[in-house]
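Q: This is the structure, below, for whatever I ask next.
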Amino acid sequence: MNKKNSSTQQQQTTAIADASTCEPVTKRRKRFGEEFETGNISDEFDDEHDDELSKYLKQRIEVDSIDDNPLKFWYEHRFIYPILSKLARSIFSIPATTANVERQFSAGGLMVNSRRTRLNPQQINNALFIRSVKKNE
């Protein structure tokens, strides 16, 4: 039994010694867009997208049938253009926000205080415009 344990230990020690003498494998860095160069993306998938897009671009839409809601159009055409309709739904489903308007209103309220009661509306508009331009730089 003791011989068995010592032989197992010797094998483990040898394996560790062999592993320590081997140099680690260096990873090859990938370049940006390399997967496109090697052809990893199938042409059939691209053709399917191109066909759907070209079919959509060739479609004639009557002026009377245009609706204010683009989501309604993509819902009605979801079987004809499945990929484009998913894309359109993800883009048009972003909710509108009033945060920027509320921020401007709040800034205007902070600008007009008890010490600045003689500011006319044009001066306040100009100051708010300059403030918004500086924030966007």
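So for the sequence shown, full-length UniProt numbering puts the first residue at 1; every next one is plus one. Think of the CB as a built atom: it goes at the ideal place given N, C-alpha and C, for glycine as much as any other residue. None of these values were measured; they are calculated from a predicted model.
Check the C-beta distance from leucine 70 over to phenylalanine 105 and give it rounded, since I have them as a contact under 8 Å.
A: Start at 1 with the first residue of the sequence shown, and residue 70 comes out as number 70. Start at 1 with the first residue of the sequence shown, and residue 105 comes out as number 105. Inspection of the sequence shows that residue 70 is occupied by proline rather than by leucine. Proline 70 to phenylalanine 105, Cβ: 29 Å. No contact.
Q: Just the C-alpha distance for alanine 127 and arginine 118, rounded to the nearest angstrom, thanks.
A: What you label residue 127 is simply residue 127 of the sequence shown in a count that begins at 1. What you label residue 118 is simply residue 118 of the sequence shown in a count that begins at 1. Roughly 14 Å separates the two Cα atoms.
Q: Around the C-beta of serine 85, are 16 or more other C-beta atoms found within 10 angstroms, so that it is buried, or is it exposed?
A: On the sequence shown, position 85 is the one that residue 85 refers to. Buried: at least 16 other Cβ atoms inside 10 Å.
Q: Go to arginine 116, then tell me how far its alpha helix (DSSP H) extends in each direction, as first and last residue.
A: Counting from 1 along the sequence shown, the entry for residue 116 is found at position 116. No alpha helix (DSSP H) holds arginine 116; DSSP gives it neither H nor E.
Q: When the Cα atoms are used, what is the spatial distance from aspartate 67 to arginine 115?
A: If you number the sequence shown from 1, residue 67 lands on position 67. If you number the sequence shown from 1, residue 115 lands on position 115. Looking at the two C-alpha atoms, the distance is approximately 51 Å.
Q: CA-CA distance, valine 101 and alanine 107?
A: The count along the sequence shown starts at 1 and reaches residue 101 at position 101. The count along the sequence shown starts at 1 and reaches residue 107 at position 107. Their Cα atoms are separated by approximately 10 Å.
Q: List the endpoints of the continuous alpha helix (DSSP H) containing isoleucine 91.
A: Taking the sequence shown and counting its residues from 1, one reaches residue 91 at position 91. Here the alpha helix (DSSP H) through isoleucine 91 covers 82-92.
Q: Considering only the beta carbon of each residue, do glutamate 52 and isoleucine 83 sit closer than 8 Å?
A: Here residue 52 is taken as the residue at index 52 of the sequence shown, counted from 1. Here residue 83 is taken as the residue at index 83 of the sequence shown, counted from 1. Yes.
Q: Verify whether the separation of the beta carbon atoms of valine 112 and isoleucine 124 is less than 8 Å.
A: Here the question's residue 112 lines up with position 112 in the sequence shown. Here the question's residue 124 lines up with position 124 in the sequence shown. Their beta carbons are under 8 Å apart, which means valine 112 touches isoleucine 124 by this criterion.
Q: Out of curiosity, what's the CA-to-CA distance linking glutamine 122 and phenylalanine 129?
A: Residue numbering aside, residue 122 sits at position 122 when the sequence shown is read from its first letter. Residue numbering aside, residue 129 sits at position 129 when the sequence shown is read from its first letter. About 10 Å.
Q: Cα-Cα, which of Arg60, Tyr81 and His77 is closest to aspartate 50?
A: Here the question's residue 50 lines up with position 50 in the sequence shown. For the residues Arg60, Tyr81 and His77, the minimum Cα distance to aspartate 50 belongs to Tyr81.
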